[in-house]
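S.K.:
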Amino acid sequence: MSCPICGREHSSSPGRGRRTPAKEGTCPYKGVAYVELRAGHDQIYFGRWRRMDASSIDLRKAYRQLERLLREIAAALETEDIPAARMDLEKAFEALNTAGSGEEGPESLRYMDHALSYAHRVIGDLLHEKGLPPHSPADFAGWYDAGEVPFREDW
Amino acid sequence: MIPIDRYPKEITLRDNTLVTLRPMIAGDAESLWSFLRQLPEIDKAHFHEDVDRREVVERWAKALDYDAVLPILAMRGDCVSGSATLYRNRTGWKQRIGIVRILIAPDVRHLGLGTAMIREIRHLGEKLALNYLLAEVIEEQQAAVRALERMGFEKAAVYRNFVNDRKGHLHNLVVLLHPMSGLEKDRFF
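Just so you know, the sequences run in chain order E and U.
Residues 126 to 280 (the numbering used here) make up the first sequence, in order.
Residues 2 to 190 (the numbering used here) make up the second sequence, in order.
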């Protein structure tokens, strides 16, 4: 599967959890585990739909991206025995369905946000099963030219 | 059956430190005691006994019973860097509730070990067919509260001036619950 960010084929090696140090023009997801899930997540996380000036087109686009991301996560989970992650994925689909495709308004945004948070947790579970640290979008914020990166906190 | 066949499990922290997760064994008394002594006072407030006393920890190590208390240790070499313990009642009305206690050494905090330990306990809770995980945290332990919430625990109650630390000072107690996936299947009334 090609990287949703740069369109190139990166090898997704479960043994590699840390991103390759970004060089100018090099996709930062190159070589990371679950590359398509992590890049797919961040594409939504840093997407226009979360901005104040987001349009209904941005929202519909984000909805479709989320739908695709959840389907890809479901496929990755099929071969794993992580019941907690399955439950979270169900909740993610539920939240996305409640958001309603293409609808605008704070409720819709809130549910899409919830779906993305559940998706993030499942990606973390998949990485944890491989012994890797959780995915932090802040590590890739530079690529998206994100003005303000939401908090990054670990315990 | 207790799902301990997944151990030892190696995980990598944010700073690339390798940590091995595994159930505590009788030979861990010394390293567990060293670990407990380096924890801040507030982290030790919930213990019923004085864990700074070596004989207390030695007694625990001799009396291990994974069916009732399953302590998972995070080991860096021979040193304990963290512990996640799942307490269960085998009978009675709380037999489907697991009580969770997680402790992280100060020098490995904010590297993702606490979150990894929560993931482990969630996994064990699912495999043991528990309905709920319950965590009790002193309100000042905000990093722990936030990590638990991010992993699906929900604040069920905050008891004001409810528990005292070892110096007798009162603290608010936060009770957090994590519903497990089997809960819906068990709702028969």
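Note that the Cβ used here is the ideal one computed from N, Cα and C, for glycine as well.
#1: Can the beta-carbon of residue 9 of chain U be found closer than 9 Å to that of residue 18 of chain U?
#2: Determine, for residue 258 of chain E, whether the minimum Cβ-Cβ distance to residues of chain U falls below 9 Å.
#3: Let me know if residue 1 of chain U comes out buried or exposed under the rule of 16 or more other beta-carbons within 10 Å of its beta-carbon.
#4: When Cβ atoms are compared, which residues of the stretch 10 to 27 of chain U fall closer than 8 Å to chain E?
#5: Just verifying my parser: in three-state terms, what is the DSSP assignment at residue 130 of chain E?
#6: Kindly list, in the order they appear in chain E, the residues whose Cβ is closer than 8 Å to that of residue 153 of chain U.
#7: When you compare only the Cα positions, how much space is there between residue 134 of chain E and residue 159 of chain E?
#8: Rounded to whole angstroms, what is the Cα-Cα separation between residue 148 of chain E and residue 165 of chain E?
#9: By Cβ distance, which residues of its chain are closer than 7 Å to residue 105 of chain U, with the 5 residues on each side in sequence left out?
#10: Under 8 Å between beta-carbons, which chain U residues line up against residue 250 of chain E? List them in chain order, please.
#11: Assuming residue 198 of chain E and residue 162 of chain E are in contact, meaning their beta carbons sit under 8 Å apart, how far apart are those beta carbons, in whole angstroms?
#12: Answer with buried or exposed for residue 13 of chain U, where buried requires no fewer than 16 other C-beta atoms within 10 angstroms of its C-beta.
#13: Can you tell me whether residue 157 of chain U is helix, strand or coil according to DSSP?
#14: Within 10 Å of its beta-carbon, does residue 146 of chain E have 16 or more other beta-carbons around it, so buried, or fewer, so exposed?
#15: Is the shortest distance between the beta-carbon of residue 280 of chain E and the beta-carbons of chain U less than 9 Å?
#16: Does the beta carbon of residue 170 of chain E fall short of 8 Å from some heavy atom of the ligand PLP?
#17: Starting from residue 10 of chain U, trace the beta strand (DSSP E) in both directions and tell me its first and last residue.
#18: What residues from chain U crowd round residue 239 of chain E, counting only those whose CB sits closer than 9 Å?
#19: For residue 166 of chain E, which three-state DSSP category applies?
#20: State the CB to CB distance for the pair residue 167 of chain U and residue 46 of chain U, rounded to an integer number of angstroms; the pair is presumed to be in contact (CB under 8 Å).
#21: Note down, in chain order, every chain E residue with its Cβ under 9 Å from the Cβ of residue 47 of chain U.
#22: Using a Cβ-Cβ cut-off of less than 8 Å, give me the residues of the stretch 154 to 185 of chain E that come near chain U, in sequence order.
#23: Using only the alpha-carbon positions, how far apart do residue 100 of chain U and residue 139 of chain U sit?
#24: DSSP state of residue 107 of chain U, grouped into three classes?
#25: Taking residue 226 of chain E and residue 173 of chain E to be in contact with their CB atoms under 8 Å, please state how far apart those CB atoms are, rounded to whole angstroms.
#26: Is residue 106 of chain U close to chain E? Criterion is C-beta to C-beta, closer than 9 Å.
M.R.: Let's see:
#1: The residue you call residue 9 of chain U lines up with position 8 of the second sequence. The residue you call residue 18 of chain U lines up with position 17 of the second sequence. Contact flag unset, no.
#2: To locate residue 258 of chain E, count along the first sequence from 1; it is residue 133. Yes - at least one Cβ of chain U is within 9 Å of the one on residue 258 of chain E.
#3: Lying before the first or after the last residue shown, residue 1 of chain U is absent from chain U, which here runs from 2 to 190.
#4: Flagged, chain order: 10, 11, 12, 13, 14, 15, 17.
#5: In the first sequence, the residue the question calls residue 130 of chain E occupies position 5. DSSP, reduced to helix, strand and coil, places residue 130 of chain E outside both helices and strands of the structure shown, so it counts as coil.
#6: Locating residue 153 of chain U in the second sequence gives position 152, where the first residue counts as 1. In chain order: 209, 213, 246.
#7: Numbered from 1 along the first sequence, position 9 holds the residue referred to as residue 134 of chain E. Numbered from 1 along the first sequence, position 34 holds the residue referred to as residue 159 of chain E. CA-CA distance, residue 134 of chain E to residue 159 of chain E, rounds to 12 Å.
#8: Locating residue 148 of chain E in the first sequence gives position 23, counting from the first residue. Locating residue 165 of chain E in the first sequence gives position 40, counting from the first residue. The predicted position of residue 148 of chain E is uncertain, since its pLDDT is 47 and thus under 50; a value taken from the coordinates is nonetheless stated next. About 21 Å.
#9: Residue mapping note: residue 105 of chain U aligns to position 104 of the second sequence, counting from 1. Hits under 7 Å: 83, 114, 115.
#10: Here the question's residue 250 of chain E lines up with position 125 in the first sequence. Those are 120, listed as they occur along chain U.
#11: Sequence index remark: in the first sequence, residue 198 of chain E carries index 73 (1-based). Sequence index remark: in the first sequence, residue 162 of chain E carries index 37 (1-based). Right, the Cβ-Cβ distance comes to about 6 Å (below 8 Å), so this counts as a contact.
#12: In the second sequence, counting from the first residue as 1, residue 13 of chain U sits at position 12. Result: buried.
#13: As a working note, residue 157 of chain U is residue 156 in the second sequence. It is a strand residue.
#14: Position 21 of the first sequence, counted from the first residue, corresponds to residue 146 of chain E. Confidence is the limiting factor: at residue 146 of chain E the pLDDT is only 46, short of 50, which leaves the residue's position unreliable and the question unanswerable from this model.
#15: By one-based count along the first sequence, residue 280 of chain E stands at place 155. Answer yes: the Cβ-Cβ gap between residue 280 of chain E and chain U drops below 9 Å somewhere.
#16: This structure simply doesn't include the ligand PLP, nor any ligand for that matter.
#17: For this step, residue 10 of chain U is matched to residue 9 along the second sequence. Under the DSSP assignment, residue 10 of chain U falls in the beta strand (DSSP E) whose first and last residues are 10 to 13.
#18: Here residue 239 of chain E refers to the residue found at position 114 of the first sequence. Those do not exist, as residue 239 of chain E stays about 12 Å from chain U at its closest Cβ, beyond 9 Å.
#19: Your numbering for residue 166 of chain E matches position 41 in the first sequence. For residue 166 of chain E, the three-state secondary structure derived from DSSP is helix.
#20: For the purposes of this step, residue 167 of chain U is identified with residue 166 of the second sequence, where counting begins at 1. For the purposes of this step, residue 46 of chain U is identified with residue 45 of the second sequence, where counting begins at 1. About 6 Å; that satisfies the 8 Å criterion.
#21: In the second sequence, residue 47 of chain U corresponds to position 46, counting from 1. The contacting residues do not exist; residue 47 of chain U stays about 17 Å from chain E at best.
#22: Result list empty, no residue passes.
#23: Working through the second sequence from its first residue, we reach residue 100 of chain U at position 99. Working through the second sequence from its first residue, we reach residue 139 of chain U at position 138. When rounded, the distance between both Cα atoms is 15 Å.
#24: Here residue 107 of chain U refers to the residue found at position 106 when the second sequence is read from its first residue. Here residue 107 of chain U sits in helix by DSSP.
#25: Start at 1 with the first residue of the first sequence, and residue 226 of chain E comes out as number 101. Start at 1 with the first residue of the first sequence, and residue 173 of chain E comes out as number 48. About 17 Å separates the beta carbon of residue 226 of chain E from that of residue 173 of chain E, a gap too long to meet the 8 Å contact definition.
#26: Here the question's residue 106 of chain U lines up with position 105 in the second sequence. Residue-level contact by beta carbon fails for residue 106 of chain U and chain E, as no gap is shorter than 9 Å.
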